[in-house]
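Structure record follows, encoded as structure tokens.
Residue numbers (this note's numbering): 3 to 81.
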């Protein structure tokens, strides 16, 4: 019987996985959500669009609280 950890006489090397930023798509995506009515700005590739939406939403509704949501992406790869 072969020793533990061997396969056909050779040691099996464990696969090492790592998480890295995924640069194949867009960068960070930003959106904003009103904390009063939960209406949202929609996603944008920059923070300017959601910020402008917040100001317009405040002017239209009087709501002043917002949640900024930033999403970035990463991918697992095997070394």
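By construction, the Cβ of each residue, glycine as well, lies at the ideal position given by its N, Cα and C atoms.
Whole angstroms is fine: what's the gap from residue 19's alpha carbon to residue 31's?
25 Å
With the cut-off set at 8 Å, would you say residue 46 and residue 33 are in Cβ contact?
yes
Just mark residue 68 as buried or exposed, buried being the case when its beta carbon has 16 or more other beta carbons within 10 Å.
buried
The beta strand (DSSP E) with residue 73 in it runs from where to where?
68-73
Determine whether the beta carbon atoms of residue 75 and residue 44 lie at a separation below 8 Å.
no
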